[in-house]
Amino acid sequence: MTIVNQEKISILVDGEFADDEIGEVIDTLMRDSELQRAWSRYHLIGEALRADSLPGRAPAASPIDQGRDSVVSLADRRRSYTPLVGLAIAASVAALAVTLALRPYQQPTEPGFQVATSVTTQSLAPEPIDSIRSQSGQAVVAVGAFDQRLNGYLVNFNEQRARLGVPAVHPYVRIVGFEAE
Amino acid sequence: MGDSNTDNELVQRVQKGDKSAFDLLVLKYQHRIVKLVSQYVREPADALDVTQEAFFKAYRALPKFRGDSAFYTWLYRIAINTAKNQLVYMSRRPLEVGLENDNGEQIELQEMQKTMETPERLLLTNEIRETIIDSIDKLPDDLRTAITLREVEGMSYVEIAAAMDCPIGTVRSRIFRAREAIELRLKPLLEH
Numbered sequence: 048m049t050i051v052n053q054e055k056i057s058i059l060v061d062g063e064f065a066d067d068e069i070g071e072v073i074d075t076l077m078r079d080s081e082l083q084r085a086w087s088r089y090h091l092i093g094e095a096l097r098a099d100s101l102p103g104r105a106p107a108a109s110p111i112d113q114g115r116d117s118v119v120s121l122a123d124r125r126r127s128y129t130p131l132v133g134l135a136i137a138a139s140v141a142a143l144a145v146t147l148a149l150r151p152y153q154q155p156t157e158p159g160f161q162v163a164t165s166v167t168t169q170s171l172a173p174e175p176i177d178s179i180r181s182q183s184g185q186a187v188v189a190v191g192a193f194d195q196r197l198n199g200y201l202v203n204f205n206e207q208r209a210r211l212g213v214p215a216v217h218p219y220v221r222i223v224g225f226e227a228e
Numbered sequence: 004m005g006d007s008n009t010d011n012e013l014v015q016r017v018q019k020g021d022k023s024a025f026d027l028l029v030l031k032y033q034h035r036i037v038k039l040v041s042q043y044v045r046e047p048a049d050a051l052d053v054t055q056e057a058f059f060k061a062y063r064a065l066p067k068f069r070g071d072s073a074f075y076t077w078l079y080r081i082a083i084n085t086a087k088n089q090l091v092y093m094s095r096r097p098l099e100v101g102l103e104n105d106n107g108e109q110i111e112l113q114e115m116q117k118t119m120e121t122p123e124r125l126l127l128t129n130e131i132r133e134t135i136i137d138s139i140d141k142l143p144d145d146l147r148t149a150i151t152l153r154e155v156e157g158m159s160y161v162e163i164a165a166a167m168d169c170p171i172g173t174v175r176s177r178i179f180r181a182r183e184a185i186e187l188r189l190k191p192l193l194e195h
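Here's what the structure looks like:
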């Protein structure tokens, strides 16, 4: 059994050989009982890791958090960020509708967009995501400021859209905001 | 490329009469099947007997396997059915796996038992599990991340290379070195 062959078995376990290479590696594997033991153990290791990643104990989370923060941030961000932003937007729009309905109509004094100086719906939005931290204590994402800015854009847009004759929130507002971040 | 292609190659070899190719399938899936069967048959010794019987049934039925589903899916169904049948059977009388077969089948079953690891090795004991997890914890970050992304997240080498921002060759090497390090600590437990 050579190191090269052992590495080939590792690749075979992962199913990463091209179709025309598999036969040759299997031939090698079938001739060497020590390689067959490695084949079995490599699968055992995978089983143990997957079993241990089930609820109750998650050692796999720590290497991910510690070893590739940037990668996990991206993946986690897509999972955890979207619904929270959605909630923030929904809360902002709902509160804005109530605010606009209750206050008397005022003609804008100056044309063009104005930057909203305060976001009245901020208290209705979920906790900023930058409070979420990984198990290792490191920040996974830091998008609280982005949330506020996005809400500001949306509030500002809604305040101006009636005057500008725009029918509704542009769907790309959120996408542009997300990608820019 | 893919894990199922390896299975297909092994299955085809068995169907052409190469019995030792089936040994590799047994070595690959025995731990998973034992774990599966153990959900139905709680007694470890019985779970191992049922596992052996499931592999035996699979071996006998393999000539008829057309590859409509993945091999493991097919094996999974056999194992589940065997476990359920065994539950019914055990409620009536003691387990006697294979004793009702004719002589030829009995020899094949005995051969299969040789292929499979011994019960204490086959069962994923706490000691084995803890050793593996402890080994993982002690790996350097790059190796631990690579093996975790592969085994837990199920990512391909290409995906891992993108995630870790390194060449695919490095991914291969890291995963192998991780396995090698874990195996080194596992060996004494499995070879005594």
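Listed in order, the protein sequences are those of chains X and F. Okay, so the first sequence: first residue is 48 according to my numbering, each after it adds one. Okay, so the second sequence: first residue is 4 according to my numbering, each after it adds one. Built from N, CA and C at the ideal position, the CB exists for glycine as well.
| Asked | Found |
| --- | --- |
| Show which residues of chain F have a CB atom less than 7 angstroms away from the CB atom of Ser-57/X. | Ile-178, Phe-179 and Arg-182 |
| DSSP on Arg-153/F, reduced to helix/strand/coil? | helix |
| Enumerate in chain order the residues of its own chain whose CB-to-CB distance from Tyr-43/F is below 7 angstroms, with the five nearest sequence positions on each side excluded. | Ala-86, Lys-87 and Leu-90 |
| List the endpoints of the continuous alpha helix (DSSP H) containing Lys-31/F. | 22-41 |
| Can you find the residues in the same chain that come closer than 7 angstroms, C-beta to C-beta, to Ala-50/F, ignoring five residues on each side of it along the sequence? | Val-37, Val-40, Ser-41 and Val-44 |
| Comparing alpha-carbon positions, which option in Leu-78/F, Ser-176/F and Arg-63/F lies nearest His-34/F? | Leu-78/F |
| So that I know if they touch, is there some Cβ in chain F lying closer than 9 angstroms to that of Asp-79/X? | no |
| Look at the alpha carbon of Arg-88/X and the alpha carbon of Asp-168/F, and state the distance between them as a whole number of angstroms. | 28 angstroms |
| Work out the CA separation of Leu-59/X and Ala-149/F for me, nearest whole Å. | 16 angstroms |
| Which of the three DSSP states is assigned to Lys-141/F in this structure? | coil |
| Are the C-beta of Ser-23/F and some C-beta of chain X separated by less than 9 angstroms? | yes |
| Buried or exposed: Gly-19/F, going by 16 or more other Cβ atoms within 10 Å of its Cβ? | It is Lys, not Gly, that sits at residue 19/F in the sequence shown. With fewer than 16 other Cβ atoms within 10 Å, it is exposed. |
| Under a Cβ-count criterion, where at least 16 other Cβ atoms within 10 Å of its own Cβ denotes burial, should Leu-189/F be classed as buried or exposed? | buried |
| Would you report the Cα separation of Glu-71/X and Gln-53/X, rounded to the nearest angstrom? | 14 angstroms |
| Report yes or no: is there a C-beta of chain F within less than 9 angstroms of the C-beta of Ser-181/X? | Since pLDDT at Ser-181/X reaches only 43, below the 50 mark, its modelled position is unreliable, and no value is offered. |
| Measure from the C-beta of Glu-154/F to each C-beta in chain X and report whether the shortest distance is under 9 angstroms. | yes |
| Between the C-alpha atoms of Thr-9/F and Gly-62/X, what's the straight-line distance to the nearest angstrom? | 7 angstroms |
| Grab the span of the alpha helix (DSSP H) containing Leu-187/F for me, first residue to last. | 171-194 |
| Does any residue of chain X bring its CB to less than 9 angstroms from the CB of Gln-18/F? | no |
| Given Lys-141/F, which residues of its chain have a CB within under 6 angstroms of its CB, disregarding the five upstream and five downstream residues? | none |
| Can you grab the Cα-Cα spacing for the pair Gln-83/X / Ala-166/F, in whole Å? | 31 angstroms |
| Keeping to the same chain, check which residues put their C-beta closer than 6 angstroms to that of Val-220/X; ignore five residues upstream and five downstream. | Confidence in Val-220/X is poor, its pLDDT being 42 and thus under 50, which makes the residue's placement unreliable; the coordinate value appears in the next sentence. Here the set comprises nothing. |
| With Val-155/F and Phe-74/F assumed to form a contact (beta carbons below 8 angstroms), what rounded beta-carbon distance in angstroms separates them? | With a Cβ gap of about 23 angstroms, Val-155/F and Phe-74/F do not count as contacting. |
| Reducing DSSP to helix, strand and coil, say where Phe-59/F ends up. | helix |
| Report buried or exposed for Phe-64/X, applying the criterion of at least 16 other Cβ atoms within 10 angstroms of its Cβ. | buried |
| In three-state terms, what does DSSP make of Met-158/F? | coil |
| Of the residues Arg-153/F, Glu-183/F and Arg-180/F, which one's Cα is nearest the Cα of Arg-97/X? | Arg-153/F |
| In whole angstroms, give me the CA-to-CA distance for Asp-26/F and Ala-61/F. | 12 angstroms |
| Using a Cβ-Cβ cut-off of less than 7 angstroms, give me the residues of the stretch 59-72 of chain X that come near chain F, in sequence order. | Leu-59, Asp-61, Gly-62, Glu-63, Phe-64, Ala-65, Asp-66, Ile-69 and Gly-70 |
| Measuring CA to CA, which of Ala-24/F, Pro-66/F, Arg-175/F and Pro-191/F is closest to Glu-130/F? | Pro-191/F |
| Step through the CB atoms of chain X and report whether any lies within less than 9 angstroms of the CB of Thr-151/F. | yes |
| Assuming the contact rule is C-beta atoms closer than 8 angstroms, Arg-132/F and Ala-85/X should be a hit. Round their C-beta distance to whole Å, please. | So it is not a contact: roughly 19 angstroms between Cβ atoms. |
| Let me check understanding here. Comparing Cα to Cα, which of Ser-138/F, Ile-135/F, Thr-128/F and Val-17/F lies closest to Lys-67/F? | Val-17/F |
| Cβ of Lys-85/F less than 9 angstroms from any chain X Cβ? | At residue 85/F the sequence reads Thr, which differs from the Lys that was named. Not an interface residue. |
| Among Asp-67/X, Val-51/X and Gly-93/X, which one has its Cα closest to the Cα of Glu-12/F? | Asp-67/X |
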